[in-house]
Amino acid sequence: MADLTITMYQDDDLAMPTVQKSVEQSQPANDIINNDPFYPNIELTLLRNAMRIDSNVPNDRLKEAALHAVLDVNTELEAFKAKQLEANVTTLANIKSVMIDNQNQQTYYYLRAVYCLAVATLYERYASYDLTNDGEKRMMMLEESIGDLRRDARFAIRAILGKPKITATLL
Numbered sequence: 001m002a003d004l005t006i007t008m009y010q011d012d013d014l015a016m017p018t019v020q021k022s023v024e025q026s027q028p029a030n031d032i033i034n035n036d037p038f039y040p041n042i043e044l045t046l047l048r049n050a051m052r053i054d055s056n057v058p059n060d061r062l063k064e065a066a067l068h069a070v071l072d073v074n075t076e077l078e079a080f081k082a083k084q085l086e087a088n089v090t091t092l093a094n095i096k097s098v099m100i101d102n103q104n105q106q107t108y109y110y111l112r113a114v115y116c117l118a119v120a121t122l123y124e125r126y127a128s129y130d131l132t133n134d135g136e137k138r139m140m141m142l143e144e145s146i147g148d149l150r151r152d153a154r155f156a157i158r159a160i161l162g163k164p165k166i167t168a169t170l171l
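See the structure below:
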């Protein structure tokens, strides 16, 4: 059997710093939205993972949708926050409630509301980019998802406020 010799050469384009830089650029940054001190900060990586948002959505677009969602949820909870501050509760995490996976349920509901609204906003924006027949079909499917996401956000906000999911009246 003949001896086999393998010769390896380093190509400047494949140098490790170049490969590492390429990998770093393809991974979304772990941006954090610094929130009002009463509420938890929003980590975009956790949002991506929880809501299964792939890297096709640029971090800037995700951050813009998340900022919009944070502002909406915080506005909805203004009176609730004021009442808590009057009772000397300084953060949402300090409200006495059930703990799940080292997180109180109020924080869980807050993050759920923000995440759901952020994804609903992304879906709405996505639909405006593709107006072909296939785009119209996808939009019809997304419209139901958008409605579900907004409903889930509404339920989460109502849970924080201690209100039932729906109010029904007999006519």
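Under UniProt numbering, the residues of the sequence shown are numbered 1 to 171, in order.
Yeah, the Cβ is synthetic: ideal placement off N, Cα and C, and Gly gets one too.
| Check | Outcome |
| --- | --- |
| Backbone CA spacing between H68 and V57 [nearest angstrom] | 16 Å |
| For I53, the three-state DSSP class (helix, strand or coil) | coil |
| Limits of the alpha helix (DSSP H) - the one that A79 falls within | 78-86 |
| Under 8 Å between C-beta atoms of T90 and P40 | no |
| Beta-carbon proximity check, N102 vs I95, cutoff 8 Å | no |
| The region 113-122 in contact with the region 137-151 per 3-pair CB rule at 8 Å | yes |
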